[in-house]
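Chemist: The structure under discussion is supplied below as structure tokens; questions concerning it will follow.
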Amino acid sequence: MSKGPIGIFDSGLGGLVMTKAFRAALPNADFLYLGDTLHVPYGPRSASAILDFTTRAIEQLFEEGCPLVIIACNTASANALRRLQQDYLPHHYPDRRVLGVIVPTLEATIQTGHTRIGLIGTSFTIHSNTYKEELRKVNPAIELSSLATPLLVPLAENDGIKYAKPVLEDYLKPLLKDRIDSLILGCTHYPLFRSLLEEILPAGVDIIGQDIVVPPKLIDYLERHPEISERVTQSGKLRAQLTDVTATYSKIGKQLLGENIEFEKISLK
Ligand code: DGL
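So the sequence shown is numbered by the numbering used here: it starts at -6 and just counts up by one.
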């Protein structure tokens, strides 16, 4: 049985926001981050490309000994998680686990009593209908108004958050018309827009950030699964791998993580 860090996978750098939150929640656990910066963004890509990249990234993290991998990327979770859990893991890595972010986010949203939920995400995440399908399984009576907001990732990655207010105001009109009581930020990058959203959204609309709601769900999972948590090494270390490393990626990565780190360049097999 392999022992090792918890793997965190994202299409690019946005998952470092989640990594920071996971490390704060589990300060003793070791983490290994893998960002597929060579292929980012996943949002506009085809289902087969996203599944291929995600499977190869998970394999890389398993080869490093991770007993558990979290797919922090909503786009990859929406497309690849079920297939990885049902078809790939049982045949290739039966003693490892892969978790996503969509079901824990929906559970946390419902637990707070919301019934008119709004969702923003990449084009792939929204058009896959995965959030709607998963919500139907948890509570079919709850409504979900969802909206693709494809300009937000490029704005976040190009130092463009200062230009985002009118974009967000325009994007959010249909959701506000639907009188949502909560807004799920269904993409790794979107916590970066939180303070702008707080300015724009009417009082009473709760912003659901995955950096806030998913880490407690991971703690809960590890408590319920000692066979996995016993295999997570505990020296509080973080390593980070990228499939393409540039000076800009290193700078933005360090900013998102809030700590100084050297990014290792790796190639997916
Ligand atoms: N990380 C992706 C997500 O959470 C957004 C970036 C991309 O399009 O690859 O959906």
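Glycine included, C-beta positions come from ideal geometry on N, C-alpha and C.
1) Would the beta-carbon of asparagine 67 be found less than 6 Å away from any heavy atom of ligand 1?
2) Could you have a look at glutamine 227 and say whether DSSP puts it in helix, strand or coil?
3) Measuring only the C-alpha atoms, how far is glutamate 257 from glycine 0?
4) Let me know if proline 83 comes out buried or exposed under the rule of 16 or more other beta-carbons within 10 Å of its beta-carbon.
5) Skipping 5 residues on each side, what residues in its chain have a beta carbon closer than 6 Å to that of glycine 7?
6) Measuring alpha carbon to alpha carbon, tell me which residue in Gly(-3), Asp80 and Ser243 is nearest leucine 61.
7) What does the Cβ neighbour count give for asparagine 21, buried or exposed, with the cut at 16 atoms within 10 Å?
8) Taking all protein chains shown into account, decide if serine 93 is buried (16 or more other Cβ within 10 angstroms of its Cβ) or exposed.
9) Should glycine 251 be counted as a contact of ligand 1 given a C-beta to heavy atom distance under 6 Å?
10) Taking the runs of the alpha helix (DSSP H) that are 4 residues or longer, which of them lie wholly in the segment 184 to 237?
11) Sort Ile177, Ser70 and Pro209 by Cα distance to leucine 194 and report the nearest one.
12) Quick one: what does DSSP say arginine 90 is sitting in, helix, strand or coil?
13) Quick one, are the C-beta atoms of serine 138 and leucine 165 less than 7 Å apart?
14) For glycine 246, report the span of its alpha helix (DSSP H) as first-last.
15) Given that a residue counts as buried once 16 or more other Cβ atoms are within 10 Å of its Cβ, and exposed if not, what is valine 206?
16) According to DSSP, tyrosine 26 sits in a beta bridge with which residue or residues?
17) Just to confirm, is the Cβ distance from threonine 30 to leucine 250 under 7 Å?
18) What residue range is occupied by the uninterrupted beta strand (DSSP E) comprising isoleucine 135?
19) Report buried or exposed for proline 184, applying the criterion of at least 16 other Cβ atoms within 10 angstroms of its Cβ.
20) Nearest by alpha-carbon distance to serine 175: which of Val160, Gly202 and Glu150 is it?
21) Measuring only from the beta carbon, is valine 33 closer than 6 Å to any heavy atom that is part of ligand 1?
22) By a C-beta neighbour count over all protein chains shown, 10 Å radius and 16 as the cutoff for buried, is arginine 16 buried or exposed?
23) Kindly indicate which three-state DSSP category alanine 141 falls into: helix, strand or coil?
24) State the DSSP-derived secondary structure class of arginine 172, mapped to helix, strand or coil.
25) First and last residue of the alpha helix (DSSP H) that includes lysine 13?
26) Given tyrosine 86, which residues of its chain have a CB within under 7 Å of its CB, disregarding the five upstream and five downstream residues?
27) Could you pull the DSSP bridge partners for arginine 109 from this structure?
Modeler: In terms of the structure at hand:
1) Proximity of the beta carbon of asparagine 67 to ligand 1 is indicated: a heavy atom of the ligand is located closer than 6 Å.
2) coil
3) 15 Å
4) exposed
5) Thr181 and His182
6) Gly(-3)
7) exposed
8) For the record, residue 93 in the displayed sequence is glycine; it is not serine. Buried: at least 16 other Cβ atoms inside 10 Å.
9) no
10) 187 to 193, 203 to 217 and 219 to 222
11) Ile177
12) Of the three classes helix, strand and coil, the one that applies to arginine 90 here is strand, per DSSP.
13) no
14) 240 to 250
15) Counting Cβ neighbours within 10 Å, valine 206 comes out buried, since at least 16 surround it.
16) Note: tyrosine 26 sits in a beta bridge opposite Ile1 and Ala233.
17) no
18) No beta strand (DSSP E) contains isoleucine 135, which DSSP labels as neither H nor E.
19) buried
20) Gly202
21) yes
22) buried
23) strand
24) coil
25) 8 to 18
26) Phe55
27) Bridge partners of arginine 109: Glu136.
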